[in-house]
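Asks: Following this message is one structure expressed as structure tokens.
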Amino acid sequence: MNRFDPELLAKVEPWRLHVLEQGVIPLKQKELMMVAMCAVARFLPGLRIHAERALEQGATAQELFETCALSQLIGGVPSYRESVLIVEELVQTPTGGPQRSE
Numbered sequence: 001m002n003r004f005d006p007e008l009l010a011k012v013e014p015w016r017l018h019v020l021e022q023g024v025i026p027l028k029q030k031e032l033m034m035v036a037m038c039a040v041a042r043f044l045p046g047l048r049i050h051a052e053r054a055l056e057q058g059a060t061a062q063e064l065f066e067t068c069a070l071s072q073l074i075g076g077v078p079s080y081r082e083s084v085l086i087v088e089e090l091v092q093t094p095t096g097g098p099q100r101s102e
């Protein structure tokens, strides 16, 4: 967006940052909601980014997988399958084993 319309980006970015900052809804919950929305829309780059951020905010692997399961209710099996593949990749440890779910 910056390349094609820097003025629009200058207006949109503060708004985006405002709605994603800490408020009544904790950041972890906001990121999990964003994961679900991206899964339903099948916006995979956004899903990866928000799943990573959810993990950074303390989300467990189980919370992410449950979020993926919920996306199936609106987005169907394709949204569930695609989101699970990304989450599986993200929660693998460097040794290739699954991340400990709490």
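Reminder that position 90 of the sequence shown reads as 90 in UniProt numbering, one-by-one numbering, no gaps.
For every residue, glycine included, the Cβ atom is placed at its ideal position computed from N, Cα and C.
Which partner residues of residue 57 appear in the DSSP bridge assignment?
Replies: Against the sequence shown, residue 57 aligns to sequence position 57. Paired residues: none, contrary to the question.
Asks: Could you say which of 18, 86, 11 lies nearest to residue 61 if we only look at CA atoms?
Replies: Start at 1 with the first residue of the sequence shown, and residue 61 comes out as number 61. Nearest of 18, 86, 11 to residue 61, Cα basis: 86.
Asks: DSSP three-state label for residue 29, please.
Replies: Along the sequence shown, one-based indexing puts residue 29 at 29. It is helical.
Asks: With DSSP run on the structure shown, which of helix, strand or coil describes residue 92?
Replies: Looking up residue 92 in the sequence shown gives position 92. Strand.
Asks: Work out the CA separation of residue 25 and residue 97 for me, nearest whole Å.
Replies: The sequence position of residue 97 within the sequence shown is 97, counting from 1. The sequence position of residue 25 within the sequence shown is 25, counting from 1. The predicted model places residue 97 with a pLDDT of 46, which falls under 50 and marks its position as unreliable, so this point remains unresolved.
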